[in-house]
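Protein chains in written order, with my numbering: chain H, 25 to 334; chain C, 1238 to 1609; chain E, 23 to 344; chain R, 243 to 764. Since the structure comes first, as structure tokens, the remarks are kept for the end.
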Amino acid sequence: DFKPAVIYDMGGKFDKSFNEGVWAGVKKFTEETGVEVMEFEVTNEAQREQAMSRMVQRGATVVLGVGFGQADAIAKVAGENPDVQFSIIDVSWLDAPNLRQYAFKEHEGSYLVGVAAALKSSSAKVGFVGGMDIPLIRAFACGYVQGAKSVSADAEVLQNMTGTTPAAWNDPAKGAELAQGQIDRGADVIYQAAGGTGVGVIQAAKDAGKFSIGVDSNQNHMAPGSVLTSMLKRVDVAAYNTFKDAMDGNFTAGVQTLGLAEGGIGWALDEHNADLITDDIKAAIDAAAAKITSGEIAVHDYRTDNTCPM
Amino acid sequence: MSNTPPLPRWADLILLPVINLFVALAICGVIIAVIGENPFQAFGVMIKGAFIYPESLGYTLYYTTNFIFTGLAVATAFHAMMFNIGGEGQAYVGGLGAAFAAFLVGPFAPWFITLPLCILGAAAFGAFWAMVPGYLQAKRGSHIVITTIMFNFLAASLMVWLLAGPMMLQGQQSPQTAIFDTSAHLPKMSEIFAIFGVKIAKSPLNISFLLAIVALGIFYVLIWKTRLGYEIRTVGKNPEAAHYAGINVARTIIIAMAISGAFAGLMATNEVLGVHNRVILNFTAGYGFTGIAVALMGRNHPIGIFLASLLFGVLYQGGAELDFEFKSITREMVLLIQGMIILFSGALAYMFNPPLARFLVRIGLVKGVQDA
Amino acid sequence: MLDFLLQLLLALDATLRLATPLILCAMAGIFAERSGIVDISLEGKLLTGAFVAAAVAAITGSAWLGLFAAIGASVFMSLIHGFACITHKGDQVVSGVAINILASGMTVIAGIALFAKGGQTPHLPNESRFRAIEFYGVETLNNVPVIGTIYRELISGHSLLVYLALVLVPICAFVMYKSRFGLRLRAVGELPEAVDSAGISVTWLRYRALIVGGALCGIAGAYLSISHGANFVREMSAGKGYIALAAVIFGNWRPYKALFACLLFGFLEAGTSRLQGVDLPLIGEIPIQLMLAVPYIVTVLLLAGFIGRPTAPAAIGQPYNK
Amino acid sequence: MSDIELKTSGDTPARFALELQGISKSFGTVRANRDIDLQVPSGTIHGIIGENGAGKSTLMNILYGLHRADAGEMRIDGTPCKIRSSADSIALGIGMVHQHFMLVPRFSVLENVMLGSEGGGLLRAGRGATLDTLKRLGETYGMVVDPNALISDLNVGTRQRVEILKALKGGARILILDEPTGVLTPQETEQLFEILKVLRDDGVTILLITHKLDEIMAVTDNVSIMRAGTMVGHRETAQTNAAELAELMVGRKVLLTVEKGPANPTEILLSVDNLGAVSSRGHDVLKDMSFDLRGGEILGIAGVSGNGQTQLLEILTGMRVPDRGQVNILGDKISKTSPKNPRELREMGLAHIPEDRHIHGLVLDFEAQENVVLGYHRDDITGTGALIDRDVINTHCAERMETFDVRPSNPALNAKNFSGGNQQKIVIAREIYSNPRVLIVGQPTRGVDVGAIEFIHKQLIALRDAGCAIVVVSVELEEVLGLSDRIMVMNDGQSVGIVDAADTDVNQLGLMMAGISQEAAE
Ligand SMILES: Nc1ncnc2c1ncn2[C@@H]1O[C@H](COP(=O)(O)OP(=O)(O)OP(=O)(O)O)[C@@H](O)[C@H]1O
Ligand SMILES: Nc1ncnc2c1ncn2[C@@H]1O[C@H](COP(=O)(O)OP(=O)(O)OP(=O)(O)O)[C@@H](O)[C@H]1O
Ligand SMILES: [Mg+2]
Ligand SMILES: [Mg+2]
């Protein structure tokens, strides 16, 4: 019988970031189907593999792993349990007959909010605050820069990374200071991809009367009137689909790359930021989105060559 | 409590800790009951999760291994009155040492050459990372606590830079190195047993556990049986007297720190050589800090350190099972329980000493006052 | 050039904000350690204070209630520390570790129980936070060239708690060096026997030291979650307690020197974060990790180079039994 | 209780300032005081003597409220009282000068004196009053000290005064002094006794603990003797003598003078040549010091403590590098350019009994057996193998304790649990074992009881007669006179002169210690 399980990453299912997005998807699935999903939040490296095999032992028929950190573990466990279905988010480089991989084109979404930022900025200076200096975060930054530059070539993007220890993802105070630092240097729109640290960025922008941009899930509500928009990474969709497909017997292995075209990436427009997004900003974003989906604009993905053209 | 008679060794080393643990568990039981779960059931799960399930014991001992190494690191420095908070960073850098050896030698040499070099690399890098603060303390008077804290941050920066940059495996996204050649893999216990036809559940537990046991022995001999150990303890207890005795205090401190760092570095043999077979971002996961509690709860003695490590191993593994089995018990709940146990069987270890002593006297197990 | 000066000024401004929690915790550490008790539980008390402040402020809508609740909560943590290592002569470091772990667990559990937002507390509206205070005359002075800017950016425009922290340092030094309590406190950290033989209770004296420390940590926590920030985020103390402890030692267990250390740490962090990814003259752009490491490197160099051997309180770490 | 009438102040019938009855106290399994009775007539100086570990300090600490008696009663001026803490005793007008200083080194004299009686929430409040008190006491008893001096900068004599001032500041009517003279020079002791007499005449009752019988005879009115935790007798000082007291406290007859035959010096083993040392603060603490020492003779060094003796010893034993001049020792040389560390010197045949057994001589947290190899831990007495052999050490230690009659003779006992005298014996036993050719001794009998003193002196003489060259630094003039063949007096880091022990006396030495040249002193 059908038994779904999800294993969140270190950040925990309330990381104000993509784990939380997955959790939203899981909730939606449970609400619709009434099927309980087994959950576990890992606290150290070794637990990843352990959690997965324990899930299998406890009869899980489909296991969803969240984050590239679980790649090794899932590859192993999937290999050992060919008759169990596995799915993982933010991974595209594995290969197993019973493993589905979701890769997101964060750079495309970041490009769009970059466009929005550059248009909203009155100083032609926008900012980016990342958690740790790792390729994934660089990809966010790089897409953002490309978007901003596409609006005006001389738009300047100030960039900061928070730290090098795990605390870098949970340090709102530092996040606020980094944002403040960028504001001091003239930035008036700041995009953050730093988990809990981002909360501080949003707060600082609000306190300074500037704008911030949310990430992963829709964070517009966190500071209505100050959060310009949020770059949506629909991991909730990934989570939901994983379980839904498995339930309906349509589970397929292989890599599913979700970008703008696939609706896996997007930007948030709701009552909280409706009056911040002017019509021409909206128009510009939509235009850019159209070009990206049509392939007219190819947003460079930092991860392909670990460099950013700009 | 000057006029309570001293406890006999057995009571001090066994009975008292048992009582403490019992009280600690009782407290946790209350907490668990408060959140509406059945404490006894919960402890059952914890024990089962730590010892009974097929692979559970393996995981417990795997954690124990880490704590033994980091605990020994803290204890060694402590005998020289150096408070080494840098185990985290030393273990982290130790991983780097293992990796260098693995990548430089691994591809060409057989395991019996590669592995020793990797283990040596881990110890050497860890030793270096602790020796510098040791030197600064001994020669420049920079306080060891600050410098070791700083060196933890430095290690973190260095490793992120390497793992997300030069040493990162291409074609994937996690900040980690490539997998080592098999010649640099420490065999898993399950594999070893398999050779002898014994089948045990797969778990991260690997040879480095035995290495840890050996390390405990080495530590004991070093501290209490060698002349260097004698000098280390003398410097720790009374540097003036050490100077009087012709012991080079600065040199002894530096050596002690180096050994301490080496033990910390060896933690990487478990994580890097034994489990992941590659260096992963933040593989130390706080084991270095926990080592402080382990060493002090183990009273800086190998047996104590082993028991404390085992206790923490059980807490980690059994705790994970708790989290697993009960929806209402989150990982924070587990953290809380760990805190309570450290508080009651660590910090409050002597709370029941006087009453116990008086009790033992009353029931005549211990002889009371006699003439000077 | 002018712009550079302005940036420097703004960096100093940031320094104050970053240093505030460090300063408060450092003063707390000085009280505890000068009384002879190692206090690595600063981190846990800071975190507890942050949570309770945010939670109470969110529920009552009053920043002040939040502040007082935070003080109460982290004093309570101090009392646990005292119960373990004063009353029962337990190991002070182990007790500290235990408290830090308890705090990490407790805050999130309570947070989930109260607000069901994964341990976070709701975002506070400005009226239930300690917000920046505009000083009188900022406008009038504004067009005075240098002074105006300094007055506007650096002097004015901080939260009440920042000023409180700065005022508390001389007060601490005064208490430490000019008051009966301070005299006894310093004595008990050096030679508890002397205090005992002078007819003063060593136990009660050390408890009071911890209580004062707890209160200071509570304020620091409140600053994190209801002044500088607007809600509690799990683990938001992010190691600041340990840095504060380093500042205490760096400052040789003395108020003003510790203040200096905190400001230094703050400035290095503010400065380096502003230099991330900036093309420096001659040097060029410095790798981010290196830039992030600069504060720690500088600290080590300073310790090795200029700061002499710190002299810890003689009786620190040893429980008193006659 | 007391077998004889005690002398009371003046001709008034006995009024007792203090009465103890059946006081008992145990530490763990050690019974430090057993059923102690004591009566102290008011306005008298009452001596208490006893071997190391007899329980004197314990009894005083109980009286002062630092320890709680397990049983027994106390009466002050006839009224029964419970003393739970030192606060109570202070309130009852009891002041105490402890055997080990209770002064915070990093504090000023003023801060130390104010501690506990600050006279208000702010120090400002009490500062003036305390300064006045200090001034007054200073004048009345001639104990002038600079209130702003840091304790760590003061020599022991001055610290002792600060302790007494502390005890007196509250106007104590009962004053306890636990071995106050242990660290004092004869002159300082003299002054102290003058002060005590004045105090007594002011009606203060004084309890004086000391190991020095001559002091007992000199100042006390009555004396009580303790042995192994019990009171073994009370005497009126006028009715007894040193020999009787010594026998009472040790339980056997003791020689109070050093017996030694003439020295027969051999070749020069140690020669010091224009030695000089500069303190960390840049002062000259040792100035062109020169002397020779032959095997088989003892050179005593007299002087008020803090006049360079410590630095001299440190240089001779390799613990400090000389800044000027050189030392030729056992055919080798020590100088700034060619320093030697303590290990090398030990290997050459030098042994060192340090001035302060707690700071240098012992690791108090180590077992006795571990202490018995301190400094020799790389030699065969720790076993010949690669590892330390505990059995070898243990038997060695047991044997040492046997020969030196260390009590309790338990090699596994921590050094800190031995009383002062026995700790000193452990150190001496260790250093003499290597039968050194040069022995450097600092304060051989500080805080040690007469029984042990006699024993230690015998050992040193025996070593001399075996041909060892011995340097003895002591603040006890009697001791220096008794032990030495020649005596060098030091003042202000210099040698005032070297005299033959045979033809000098306390007065001449005393004068020379004050810096007056030998000739003038004669
Ligand atoms: N006696 C004092 N009165 C007022 N303020 C003082 C006093 N002593 C120190 N301070 C203030 O506290 C700061 C630190 O003082 P200082 O370094 O002198 O500590 P300290 O008194 O030497 O400490 P310790 O007792 O450890 O030697 C000084 O900069 C000074 O401003
Ligand atoms: N705090 C303590 N804990 C355990 N034993 C103690 C303690 N204090 C004293 N003792 C023991 O009690 C006995 C008496 O000690 P006490 O200090 O009173 O002797 P004393 O007469 O003062 O000796 P000394 O002349 O060397 O000062 C000794 O055996 C000592 O070891
Ligand atoms: Mg005594
Ligand atoms: Mg000072």
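Even glycine gets a Cβ: it sits at the ideal position worked out from N, Cα and C. Predicted model, so just to flag it, every value in this text is computed and none were measured.
By Cβ distance, which residues of its chain are closer than 8 Å to Y245 (chain E), with the 5 residues on each side in sequence left out?
Answer for Y245 (chain E): T42, P43, L46, F152, S181, L183, V184, A187, listed in chain order.
Entirely within the region 560-596 of chain R and at least 3 residues each: give me those beta strand (DSSP E) ranges in chain order.
Correct list: 566-571, 574-577, 592-595.
What residue range is occupied by the uninterrupted alpha helix (DSSP H) comprising N1389 (chain C)?
N1389 (chain C) -> alpha helix (DSSP H) spans 1381-1400.
Check this for me: beta carbons of I123 (chain E) and Q1575 (chain C), under 8 Å apart or not?
Taking 8 Å as the Cβ cut-off, I123 (chain E) and Q1575 (chain C) qualify as a contacting pair.
Could you give the first and the last residue of the continuous alpha helix (DSSP H) run that contains I437 (chain R)?
That run of the alpha helix (DSSP H) goes 428-443.
What does a CB cutoff of less than 8 Å around R562 (chain R) pick up in its chain, not counting 5 residues either side in sequence?
Excluding residues within five positions, the ones whose Cβ falls inside 8 Å are A519, Q553, E556.
What does DSSP give as the partner residues of H288 (chain R) in its beta bridges?
DSSP, once it has assigned bridges, lists R:L449, R:N464 as partnering H288 (chain R).
Spatial neighbours of T253 (chain H) within its chain, please: CB distance less than 8 Å, with the 5 preceding and 5 following residues excluded, ordered by chain position.
The answer, listed in chain order, is V137, A140, I237, G238, N244, W291, A292, L293, N297, L300, I301.
Round the Cβ separation of E1235 (chain C) and V1282 (chain C) to the nearest angstrom and send it over; I've been treating them as touching at under 8 Å.
The question about residue 1235 (chain C) has no answer here: the residues shown for chain C are numbered 1238 through 1609.
By DSSP, does K1436 (chain C) sit in helix, in strand, or in coil?
The answer is coil: DSSP assigns K1436 (chain C) none of H, G, I, E or B.
Going by Cα to Cα distance, which pick from H:G93, H:N242, H:N184 is closest to G299 (chain E)?
The shortest C-alpha separation from G299 (chain E) is found at H:N184.
Taking Cβ to Cβ, would you say Q429 (chain R) is nearer than 8 Å to G752 (chain R)?
Yes, Cβ-Cβ distance for Q429 (chain R) and G752 (chain R) is below 8 Å.
Please state if the CB of S350 (chain R) and the CB of L392 (chain R) are separated by a distance shorter than 8 Å.
Going by C-beta atoms, L392 (chain R) is nearer than 8 Å to S350 (chain R).
Would you report the Cα separation of L38 (chain E) and A371 (chain R), rounded to the nearest angstrom?
Answer to the nearest angstrom: the Cα atoms are 42 Å apart.
Reducing DSSP to helix, strand and coil, say where G1541 (chain C) ends up.
Here G1541 (chain C) sits in helix by DSSP.
What residue range does the beta strand (DSSP E) around G290 (chain H) cover?
It spans 289-291 - the beta strand (DSSP E) in which G290 (chain H) sits, taken as one unbroken run.
Return the Cβ separation of R620 (chain R) and G424 (chain R) in integer angstroms, given the expectation that the two are a contact with Cβ distance under 8 Å.
Not quite, the Cβ-Cβ distance comes to about 34 Å (not below 8 Å), so this is no contact.
Would DSSP call S1239 (chain C) helix, strand or coil?
Low confidence applies here, because S1239 (chain C) scores a pLDDT of 47, under 50, leaving its location unreliable; read the following figure in that light. In this structure, S1239 (chain C) counts as coil in the three-state DSSP scheme.
Less than 7 Å separating the Cβ of V272 (chain R) from some heavy atom of ligand 2?
Answer for V272 (chain R): yes, Cβ within range of ligand 2.
If we define contact as Cβ-Cβ less than 8 Å, is I108 (chain E) a contact residue for chain R?
Taking Cβ atoms only, chain R never reaches closer than 8 Å to I108 (chain E), which makes this a no.
Using the Cβ count rule (16 or more neighbours within 10 Å means buried), how would you classify D1608 (chain C)?
For D1608 (chain C), the predicted structure reports a pLDDT of 43, less than 50, and the residue's modelled location is therefore unreliable. A value from the coordinates is still provided. Exposed, since its Cβ has fewer than 16 Cβ neighbours within 10 Å.
Does the Cβ of A296 (chain R) lie closer than 7 Å to at least one heavy atom of ligand 2?
For ligand 2, at least one heavy atom lies less than 7 Å from the Cβ of A296 (chain R).
I want to see whether chain C comes within less than 8 Å of F190 (chain H), judged by CB atoms only; does it?
Checking the sequence, you will find Pro at residue 190 (chain H) rather than Phe. It does: the Cβ of P190 (chain H) has a partner Cβ on chain C nearer than 8 Å.
If you draw a straight line from the alpha carbon of M49 (chain E) to that of L40 (chain E), how long is it in whole angstroms?
Their Cα atoms are separated by approximately 15 Å.
Just to check, is the beta-carbon of G493 (chain R) closer than 7 Å to a non-hydrogen atom of ligand 2?
No.
Does ligand 2 have a heavy atom nearer than 7 Å to the CB of T300 (chain R)?
T300 (chain R): yes, Cβ under 7 Å from ligand 2.
Report the neighbours of H600 (chain R) on chain E: residues whose CB is nearer than 7 Å to its CB, in chain order.
Ordered by position in chain E, no residue passes the 7 Å Cβ test against H600 (chain R), which lies about 14 Å from the chain.
Kindly indicate if chain E contains any beta-carbon less than 8 Å away from that of A263 (chain H).
Not one chain E Cβ lies under 8 Å of A263 (chain H).
Please determine, among C:N1275, C:P1245, C:V1255, C:L1262, the residue with the shortest C-alpha to C-alpha distance to T271 (chain R).
Taking only the C-alpha atoms, the option nearest T271 (chain R) is C:P1245.
Just checking: is the beta-carbon of K37 (chain H) within a distance shorter than 8 Å of some beta-carbon in chain E?
So yes, K37 (chain H) belongs to the interface.
Could you check which residue in R:D463, R:T382, R:S328 has the C-alpha nearest to that of G358 (chain R)?
The candidate whose alpha carbon is nearest that of G358 (chain R) is R:S328.
Classify P564 (chain R): buried if its beta carbon has 16 or more other beta carbons within 10 angstroms, exposed otherwise.
With 16 or more other Cβ atoms within 10 Å, it is buried.
For T254 (chain R) and S284 (chain R), I'd like the C-alpha separation in whole angstroms.
Residue confidence is low: T254 (chain R) scores 49 on pLDDT, short of 50, so the model does not pin down where it sits. Its coordinate-derived value is still stated next. Cα to Cα, T254 (chain R) sits roughly 11 Å from S284 (chain R).
May I ask you to verify whether the region 231-250 of chain E touches the region 62-80 of chain E, counting CB pairs closer than 8 Å and requiring at least 3?
Contact between the region 231-250 of chain E and the region 62-80 of chain E is present, because at least three Cβ pairs lie under 8 Å.
Determine the DSSP secondary structure at T143 (chain E), reduced to helix, strand or coil.
The answer is coil: DSSP assigns T143 (chain E) none of H, G, I, E or B.
Check whether the Cβ of G243 (chain E) lies closer than 8 Å to any Cβ atom in chain A.
The question asks about chain A, but that chain is absent: this structure's protein chains are H, C, E and R.
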